[in-house]
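> I am attaching a structure below and will ask some questions about it afterwards.
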Amino acid sequence: MIGLAVVPVVLATLLIGARGVAALRSTSDFLVASRRVSPLLNAAAVSGEYLSAASFLGIAGLVVKNGVGALWYPVGFTAGYLLMLVLVAAPMRRTGALTVPDFAEARLGSPRLRRFSAVVVLVIAGLYLVPQFTAAGQVLSLVSGTPHWVGIVVAGAAVSVTLALGGMRAATYVQAFQFVLKLLLFLVPAIWLLLAVGADTRTAALRPAEYTTFPRPTEVTFRLDTRLEVREPVTVLVGGVPRRLAPGTVVAPGEATWVFPEGAAVPEIAGSALPGSDTWQHPLLDGGNGHPLLATWSILVATALGTMGLPHVIVRFHTSPDGRAARRTAAITVGLLGSFYVFTVVYGLLGGVMLPELYLSGATDTAVVALPSRVDGGTAGSVFTALLTAGAFAAFLATSLGLLLALAGALAHDLLPGSLRRLRLTALLAAGVIVLCALPAVRIDVGSVVTSAFAVAASTFCPLLVLGIWWRGLTARGAFAGMIVGLVSSAGVMGTGFMLRADPGPAALVLAQPALFSVPLAFLTMIAVSLRGRPAPGSDAAMLRLHLDET
Amino acid sequence: MSRTKRVAVTSPQTRVALAARRGGVSVTSLDATALAAAARIRRRQLRVAGTTLVGAAALLVGAPAVLDLVPVGIRWGDVPVVWLAVAVLPYPLLAVLAFVQLRRAERAERR
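The listed protein sequences correspond, in order, to chains S and Z. What the first sequence shows, in the working numbering, is residues 24 to 574, in sequence order. What the second sequence shows, in the working numbering, is residues 2 to 112, in sequence order.
Structural data, given as structure tokens:
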């Protein structure tokens, strides 16, 4: 029943998308709305596109799982637009390039670099898109009991139809609308939750007690295979059959449901902090690797510098009429995002105190949607669950729209240049491939995969853009070398870490969060290789031109 | 309804790059005065950007280091001060930095 909440969101998306079709005539219309979007509308669209499932659901879930330090994620996401404003927005817009690969060729004159950049776009967009679709399936199956694949297919169909019909013209209005929608659907339930939980829970959320014993018989459905550190012997019910767990390491199989008795000690999970514990309350990101400060810095580097390298974010700045408008767009976006993210703490803290068992089940991404029914079992709870589900679905739709556009752009515009019809077909095709990738990827952690997309963007496109815009000495060779080093030391290292599954410790930290070293490494390689060569003639003017106001 | 002529769309840069590949045409058409002005503006923008980047670094690098040392027990009412510092405080700070940067960058751009 609650699943029906997504219907109006999908319908509105399609209607507003259809309005854009009338005005769509060229590739430029499709990709950048023919560059006539005002700063405020564009900033709302940028924010609407940017606030993905990871923002709407993921951060509150990470707070439940890892503690208050997870609130650094949205700080990095917002700071990304400040750095974009400072370093990239206006000059990037003045290049007139439609996509990052276009920028690479325009500034450095190398078609080879352009094709390589297009491949990097595919990597980043893929890393970002698959978890969005997976999250769509998770939330829909939670609230309505539909199978996981239904949500994925519904999301894929709605997104690709809108995109194929309307392109960026449609996407701009859709996403500006969705920002307002998401802000309301996030803010109103947050205020209701704060009022409805009562003074005792509010105090408990601010002075959380460590989740050491189960306060009532607690049913836990493990999402993945989970290694539990059992501290005291306990008898759990597995499908009604008692099973005695001895102290030590016990592996709970994925999708199994165990019922823990009242008063039993809560088992621990290596790598995450028990909700309410001292580590959980510490305002830094401790992934259990013993270096919370380094882990926090690494996340902040990846998110703040990665934002400017996200292909779907950059292309959106080209819908502004000129460099000045692009800069204003970035500045307004900082404010709009802040007004949204400031409410994530409500869901995170209430989730930590009211749904601590999610820490065991691993389904922390559902904390936001699960809170209202825990607070109020009646109609009000259902209504707010429906509102939050609609908001979360709007988040998937908006982000996926922009990403598919960037993906289709990279394929059809940069790798195999073609007509508008070809671009539309590519968008459809890309959506199909992503849906197929998302179907088996039930078991991935939405938040961590999205962050890896940021780390790759920060290690490849960020140095290319910053040095390309501010340093005349950058050469095509240098850019190429730097981006390869950045790609290997971010995506390669994270992939290795995923295969190895290293034990918690400094090595695991480096493998999981490589941004702190991969970004400087990419910058240094780019500079060192460029210094050994000579910039192409005219590159001085090509760079300076970007700093000249058009008017 | 008037129909405009339909043309193949490439970005200006692609067109320039294609032309350059074919005939080796110069990439820009800026004259010497415009170049000198652009160089001046770039230097001014670098100074403006530098100040904002120092502010951003203070928040993103400095704040976690400071919060690492402050105990959670220090409270404002019931709210731990360090939680306020990570959950609420950064957003107005970022907005102020963005606003100041925008004002200064637009001023630096006037020739």
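We treat Cβ as the ideally placed atom computed from N, Cα and C, and that holds for glycine.
Give me the chain S residues within the contact set of W77/Z, using Cβ-Cβ distance strictly less than 9 Å, ordered along the chain.
Walking along the second sequence from the start, residue 77/Z turns up at place 76. Result: empty, since nearest Cβ-Cβ is about 10 Å, beyond 9 Å.
> Which residues of chain S have a Cβ atom closer than 9 Å to the Cβ of V80/Z, listed in chain order?
What you label residue 80/Z is simply residue 79 of the second sequence in a count that begins at 1. Within chain S, the residues near V80/Z are L229.
> Output needed for V82/Z: all residues of its chain with C-beta closer than 6 Å, excluding positions within five of it in sequence on either side, in chain order.
Along the second sequence, read from residue 1 onward, the residue named residue 82/Z stands at position 81. Result list for V82/Z: I75, in chain order.
> Does the beta carbon of A59/Z come closer than 8 Å to any beta carbon on chain S?
Taking the first residue of the second sequence as 1, we reach residue 59/Z at position 58. False, the Cβ-Cβ gap to chain S never drops below 8 Å.
> Please name the residues in the segment 153–176 of chain S whose beta-carbon is closer than 7 Å to at least one beta-carbon of chain Z, in chain order.
Going along the segment 153–176 of chain S in chain order, one finds no residue with a Cβ nearer than 7 Å to chain Z.
> Give every residue of the same chain whose Cβ lies closer than 7 Å to the Cβ of T449/S, excluding the five residues on either side of it in the sequence, and list them in chain order.
In the first sequence, the residue the question calls residue 449/S occupies position 426. If we look at T449/S and ignore the five residues flanking it on each side, its Cβ neighbours are A431, L434 and A435.
> Going by DSSP in three states, V97/Z sits in which element: helix, strand or coil?
Position 96 of the second sequence, counted from the start, is the residue given in the question as residue 97/Z. Three-state result, V97/Z: helix.
> Going along the chain, which residues of its own chain have a beta-carbon closer than 7 Å to the beta-carbon of P270/S, five neighbours each way excluded?
Translated into the one-based positions of the first sequence, residue 270/S becomes position 247. Closer than 7 Å at Cβ, skipping near neighbours: V253, R254, E255 and P256.
> Tell me whether V28/Z sits in a helix, a strand or coil according to DSSP, three-state version.
In the second sequence, residue 28/Z corresponds to position 27, counting from 1. Since pLDDT at V28/Z reaches only 44, below the 50 mark, its modelled position is unreliable, and the value read off the structure follows with that caveat. DSSP places V28/Z in coil when its eight states are reduced to three.
> Who are F100/S's beta bridge partners in DSSP?
Within the first sequence, the letter at position 77 stands for residue 100/S. Bridge partners of F100/S: none, in fact.
> At the level of alpha carbons, what is the spacing between I214/S and L204/S?
Locating residue 214/S in the first sequence gives position 191, counting from the first residue. Locating residue 204/S in the first sequence gives position 181, counting from the first residue. Looking at the two C-alpha atoms, the distance is approximately 16 Å.
> Is there a C-beta anywhere in chain Z that falls below 8 Å from the one on L426/S?
As a first step, residue 426/S must be located in the first sequence, where it is residue number 403. It does not: the Cβ of L426/S has no partner Cβ on chain Z nearer than 8 Å.
> Below 7 Å on C-beta distance, what does R53/Z contact in chain S?
As a first step, residue 53/Z is located in the second sequence; it is residue number 52 there, counting from the start. One point to set straight first is that residue 53/Z is Thr, not Arg, in the sequence displayed. The answer, in chain order, is V109.
> For R111/Z, I'd like the list of residues in its chain whose CB is within less than 8 Å of its CB, leaving aside the five on either flank, ordered along the chain.
Taking the second sequence and counting its residues from 1, the one referred to as residue 111/Z is at position 110. Closer than 8 Å at the Cβ level, and outside the excluded window around R111/Z, lies no residue.
> Once DSSP output is grouped into helix, strand and coil, what is the label at P290/S?
Position 267 of the first sequence, counting from 1, holds the residue named residue 290/S. The answer is coil: DSSP assigns P290/S none of H, G, I, E or B.
> Suppose you measure from the CA of A76/S to the CA of V479/S; what does that come to, to the nearest Å?
As a first step, residue 76/S is located in the first sequence; it is residue number 53 there, counting from the start. As a first step, residue 479/S is located in the first sequence; it is residue number 456 there, counting from the start. Roughly 19 Å between the two C-alpha positions.
> Report the option in P558/S, V91/S and V552/S whose CA atom is closest to the CA atom of Q304/S.
Here residue 304/S refers to the residue found at position 281 of the first sequence. Nearest C-alpha to Q304/S: V91/S.
> Any idea which residues DSSP pairs P1/Z with across the strands?
Not covered by the structure: residue 1/Z. The range shown for chain Z is 2 to 112.
> Suppose only complete runs of 3+ residues qualify. What are the beta strand (DSSP E) ranges in the segment 157–221 of chain S, listed by chain order?
Counting whole runs of 3 or more residues, the segment 157–221 of chain S contains no beta strand (DSSP E) stretch at all.
> In whole angstroms, give me the CA-to-CA distance for G329/S and F209/S.
Locating residue 329/S in the first sequence gives position 306, where the first residue counts as 1. Locating residue 209/S in the first sequence gives position 186, where the first residue counts as 1. One C-alpha to the other measures close to 25 Å.
> Should F340/S and A531/S be called a contact, given that it needs their Cβ atoms to be closer than 8 Å?
Mapped onto the first sequence, residue 340/S falls at position 317. Mapped onto the first sequence, residue 531/S falls at position 508. Against a cut-off of 8 Å, the Cβ pair of A531/S and F340/S comes out as no contact.
> Looking at the structure shown, is I571/S part of a helix, part of a strand, or coil, going by DSSP?
Position 548 of the first sequence, counted from the start, is the residue given in the question as residue 571/S. With the sequence shown as reference, residue 571/S is identified as Leu, and Ile is not the correct amino acid for it. Of the three classes helix, strand and coil, the one that applies to L571/S here is coil, per DSSP.
> Quick one: Cα of S295/S to Cα of R557/S, how far?
Taking the first sequence and counting its residues from 1, the one referred to as residue 295/S is at position 272. Taking the first sequence and counting its residues from 1, the one referred to as residue 557/S is at position 534. In a straight line, the C-alpha of S295/S is about 50 Å away from that of R557/S.
> In three-state terms, what does DSSP make of A269/S?
For the purposes of this step, residue 269/S is taken as residue 246 along the first sequence, with counting starting at 1. A269/S falls in the coil class under three-state DSSP.
> Three or more beta-carbon pairs under 8 Å between the segment 402–411 of chain S and the segment 421–431 of chain S, yes or no?
Too few Cβ pairs lie closer than 8 Å, so no.
> Do W95/S and the ligand GDP come close, with the Cβ less than 7 Å from some heavy atom?
The ligand GDP is not part of this structure, which contains no ligands at all.
> Flag this pair as yes or no: are the beta carbons of L416/S and A159/S separated by less than 8 Å?
Numbered from 1 along the first sequence, position 393 holds the residue referred to as residue 416/S. Numbered from 1 along the first sequence, position 136 holds the residue referred to as residue 159/S. The residue you asked about is not Leu; residue 416/S is Phe in the sequence shown. Yes, the pair counts as a contact, with Cβ atoms nearer than the cut-off.
> Is there at least one Cβ from chain S nearer than 8 Å to D69/Z's Cβ?
Translated into positions along the second sequence, residue 69/Z becomes position 68. Chain S contact via Cβ: present.
> Any contact of the segment 527–542 of chain S with the segment 310–326 of chain S, i.e. 3+ C-beta pairs under 8 Å?
In short, these stretches touch, since the Cβ pair count reaches three.
> Would you mind reading off the limits of the beta strand (DSSP E) that contains E242/S?
Within the first sequence, the letter at position 219 stands for residue 242/S. Note, E242/S: beta strand (DSSP E), T241 to T244.
> Of all the CB atoms in chain S, is at least one closer than 8 Å to the CB of V73/Z?
Here residue 73/Z is taken as the residue at index 72 of the second sequence, counted from 1. Output row for V73/Z: interface = yes.
> Residues of the segment 364–391 of chain S in Cβ contact with chain Z at a cutoff of 7 Å, in chain order, please.
For the segment 364–391 of chain S, which is checked against every Cβ of chain Z, the residues closer than 7 Å are Y364, V365 and V368.
> Using Cβ-Cβ distances below 8 Å, what residues of the segment 83–107 of chain S are close to chain Z?
Against chain Z - using a Cβ distance shorter than 8 Å - the residues of the segment 83–107 of chain S are V91, G92, L94, W95, V98, G99, T101, A102, Y104, L105 and L106.
> Return helix, strand or coil for V253/S, following the three-state DSSP convention.
Walking along the first sequence from the start, residue 253/S turns up at place 230. Strand.
> Identify the continuous alpha helix (DSSP H) that holds V282/S and give its terminal residues.
Counted from its first residue, the first sequence places residue 282/S at position 259. Segment T280 to F283 is the beta strand (DSSP E) holding V282/S; no alpha helix (DSSP H) there.
> So with CB distances below 9 Å, who are the chain Z contacts of W493/S?
Residue 493/S sits at position 470 when you count from the first residue of the first sequence. What W493/S touches in chain Z: R43, Q46, L47 and A50.
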